[in-house]
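Taking it in order: structure first as structure tokens, then the write-up.
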């Protein structure tokens, strides 16, 4: 039996053990009607992925949907807005480059329904560069769970034989036994930093885990080990797509946001931009009023900061649901994150480098996106003006770095990786520093709310919501919005939208 045959046999057995990699966790009941028979209205607060997912699915079912959005654009963390460039042209910028992984089953199902999946471009590598400029690449990685752990050893990330018969292997076993309730009960009060020290993880393996933890906007001394185990299960140990992903090669305004907006409005929904919600009134029948407009249901889908602020000033919530109000007060934000877009007069020397590069952090640089190789608008700019369009990411800005020093650190670390850019002229730049992501910090899980709340007819959606299935980031946002919409559909006895998940438990759970 050849190595390839052995691997194929093992891969089939592993998939069989999981019961497949794509689990239908909310099936469609074809005996129920698809449409409402009487008028019902829903307020959706927040037009990010979570809010728009809920709004689209509810509008499809005939609900009178009104989306309230504080910004003058939709999309939340994939929102896009125009800026004027130095040459008089207009360019769109967003919160930063996003990877659409292939096991984002619900988000990709939504995109397929909206016929926007045709605009995917494939990223053919997952590329991590160390401070010494050593590269760890995953373009040829084995994608089968369990076997991909061995593949990390094949790539030199750790010594298989030294780790396999050591304390490290024993400490890493819970990675393969992920179980939502048991994992969070045992590991949510442990930081990744303490876990790594106790497990004596090899240096390069710590680097790999660091890239995961920072992607959730937390430094290793704050990142909940349970959340990291969930993320490693979700991204690496429960699907056979590997770490490769797709992206959109044009601005999100054209590729994603307009089709989302059309899906709501073409089904009779309304999207109110520049319309922050300052007050929610609750009626005796359990319905709500916003600015005098009646809504039978409400989906709170703003970011965690906005949700906490709005509910924190809602007196009836404190009076009628004091325990729930206290729970919301315990929600925390993650550390600041920052994105710096640069329009420069020269490119790097090695133009074969992966267009999205994950970097080992020195102070704060976590990733570099070469936008002129990723996005049509930036490509057109470089064809016209020459140079390059870069985006520098920091997912968790250290607390001791003042905002006015972030740019200096960004450029210093960029020049360490690509010295040829030291003499480049920055024609224009656009800097963002935000703090609107939920904290996946130690001990936060027990306080995290679910999509269903104690308040009748009020539901939550967002990447900050506790889900019954493993999903994170954009997929978590989409799943939460879909689940919130489904709960409203349940109450009206109409057909729900199907929901999929990766295997909910680890291989050895």
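Numbering (our numbering), first residue to last: 3 to 511.
Virtual Cβ for every residue (Gly too), placed ideally from N, Cα, C.
Cα-Cα separation, residue i to residue j
i: residue 155; j: residue 14; result: 22 Å
i: residue 6; j: residue 467; result: Here the model assigns residue 6 a pLDDT of 49, short of 50, so the residue's position is not dependable, and the following value carries that caveat. Using only the alpha carbons, I get a separation of about 42 Å.
i: residue 229; j: residue 486; result: 22 Å
i: residue 430; j: residue 21; result: 52 Å
i: residue 498; j: residue 391; result: 43 Å
i: residue 399; j: residue 339; result: 6 Å
i: residue 108; j: residue 474; result: 12 Å
i: residue 179; j: residue 38; result: 42 Å
i: residue 143; j: residue 234; result: 16 Å
i: residue 191; j: residue 378; result: 45 Å
i: residue 250; j: residue 373; result: 11 Å
i: residue 265; j: residue 246; result: 29 Å
i: residue 152; j: residue 405; result: 41 Å
i: residue 509; j: residue 181; result: 10 Å
i: residue 329; j: residue 314; result: 10 Å
i: residue 439; j: residue 216; result: 12 Å
i: residue 63; j: residue 465; result: 24 Å
i: residue 436; j: residue 18; result: 43 Å
Endpoints, the beta strand (DSSP E) within which residue i is located
i: residue 140; result: Neither: residue 140 is in no beta strand (DSSP E) and is coded neither H nor E.
i: residue 321; result: That residue, residue 321, is in no beta strand (DSSP E); its alpha helix (DSSP H) goes 317-322.
i: residue 367; result: Premise fails: residue 367 is in no beta strand (DSSP E) and is neither H nor E.
i: residue 297; result: 295-297
i: residue 25; result: 25-28
Opening and closing residue of the alpha helix (DSSP H) in which residue i lies
i: residue 233; result: 227-238
i: residue 156; result: 149-156
i: residue 399; result: Element bounds for residue 399: n/a, residue is neither H nor E.
i: residue 213; result: 205-216
i: residue 162; result: 162-166
i: residue 109; result: 107-115
i: residue 310; result: 306-314
i: residue 409; result: 408-419
i: residue 169; result: 169-174
i: residue 424; result: Looking at the DSSP string, residue 424 is not in any alpha helix (DSSP H), and its letter there is neither H nor E.
i: residue 387; result: 378-387
i: residue 201; result: 194-201
Whole-number beta carbon distance between residue j and residue i, since they are thought to touch under 8 Å
i: residue 16; j: residue 176; result: No, residue 16 and residue 176 are not in contact; Cβ-Cβ is about 18 Å, not under 8 Å.
i: residue 236; j: residue 472; result: 5 Å
i: residue 302; j: residue 58; result: Wrong, their Cβ atoms sit about 17 Å apart, outside the cutoff.
i: residue 342; j: residue 403; result: Residue 342 to residue 403, Cβ: 13 Å. No contact.
i: residue 105; j: residue 241; result: 4 Å
i: residue 396; j: residue 368; result: 5 Å
Residue i Cβ short of 7 Å to the ligand FMN heavy atom set
i: residue 181; result: In terms of ligand content, the structure shown is empty, and the ligand FMN therefore cannot be addressed.
Does the pairing of the segment 34-48 with the segment 288-305 give three or more beta-carbon distances under 8 Å? yes
Using 8 Å as the Cβ pair cut-off and three pairs as the minimum, do the segment 458-476 and the segment 368-387 touch? Because the criterion of three Cβ pairs below 8 Å is not met, the segment 458-476 and the segment 368-387 do not touch.
Given 8 Å, three or more beta-carbon pairs between the segment 123-130 and the segment 356-369: Short answer: they touch.
Sequence ranges, alpha helix (DSSP H) only - wholly within the segment 465-497, length at least 4: 475-493
Is the segment 46-55 touching the segment 17-33, taking contact as three or more C-beta pairs under 8 Å? The segment 46-55 vs the segment 17-33: no contact.
Give, in chain order, every unbroken run of the alpha helix (DSSP H) that is at least 4 residues long and sits entirely within the segment 39-75. 51-62
With a floor of 4 residues, list each alpha helix (DSSP H) that falls wholly inside the segment 247-287, ordered by position along the chain. Fully contained in the segment 247-287 are the following alpha helix (DSSP H) runs of length 4 or more, in chain order: 260-267.
When you compare the segment 72-92 with the segment 247-258, are there three or more beta-carbon pairs, one atom per stretch, that lie closer than 8 Å? yes
Between the segment 156-167 and the segment 267-280, can you find at least three pairs of beta-carbon atoms closer than 8 Å? no
On the three-pair Cβ rule with 8 Å, is the segment 89-98 touching the segment 321-328? As far as the Cβ criterion goes, the segment 89-98 does not touch the segment 321-328, which means the pair count is below three.
Specify whether the segment 195-202 and the segment 340-348 touch according to this definition: at least 3 beta carbon pairs, one from each stretch, less than 8 Å apart. No, because fewer than three Cβ pairs between the segment 195-202 and the segment 340-348 fall closer than 8 Å, the two stretches do not touch.
Given 8 Å, three or more beta-carbon pairs between the segment 279-292 and the segment 403-418: By the Cβ test, the segment 279-292 is not in contact with the segment 403-418, since fewer than three Cβ pairs between them sit closer than 8 Å.
Specify whether the segment 446-458 and the segment 110-122 touch according to this definition: at least 3 beta carbon pairs, one from each stretch, less than 8 Å apart. no
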